[in-house]
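Visitor: The opening position of the sequence shown corresponds to residue -18 in this note's numbering, with each subsequent residue numbered one higher.
Quick reminder that beta carbons are idealized off the backbone N, C-alpha and C, glycines included.
Below: one structure in structure tokens.
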Amino acid sequence: MQWLANEFLDYGYFQTHIHELQKKLESRCEQLVTSLNNYLHDKVEFTVPHGGIHLWCKVKKDVEEMKLLENAIKRGVIYVPGSVMGSGNGYVRFTYARAREEEIREGVRRFAEALTSLKK
């Protein structure tokens, strides 16, 4: 097993692997940003991350956090409410590490439906 790990590291496979992961994450992050701008441009605020696997969003309108989560789950979308992570009500943490680009686009579209369906 150690020999295999040594070969993986010595022959550049690890760097190639890391580079491929970075490209995938960048592409998925770009898709998330594009989808947020397309479906929620006037409803959320966010800063584009310069790394990592999460994007934090602030919902502009005052919403009942658990009701929004419930509406999103009914539409097949799960995310982490900001209050769970200590950031307060109205924040949403989207993770883009595992989802394919088409899943990200569809997930944001469904999240937008969940948000729009809430009464003011």
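For Phe128, does the count of other Cβ atoms within 10 angstroms reach 16, so buried, or fall short, so exposed?
Guide: Outside the displayed span of the chain (-18 to 101) sits residue 128, for which this structure offers no information.
Visitor: Let me check one thing: in DSSP terms, what residues is His35 bridge-paired to?
Guide: Answer is Thr76.
Visitor: To test your reading of the DSSP string, which unbroken alpha helix (DSSP H) runs of 4 or more residues are found completely within the stretch 16 to 68?
Guide: For the stretch 16 to 68, whole alpha helix (DSSP H) runs of length 4 or above, ordered along the chain, are 46 to 55.
Visitor: Excluding the 5 residues preceding and the 5 following Cys10 in the sequence, name in chain order all residues of the same chain whose CB lies nearer than 6 Å to its CB.
Guide: Counting only Cβ-Cβ distances below 6 Å, and skipping sequence neighbours, we find Tyr77.
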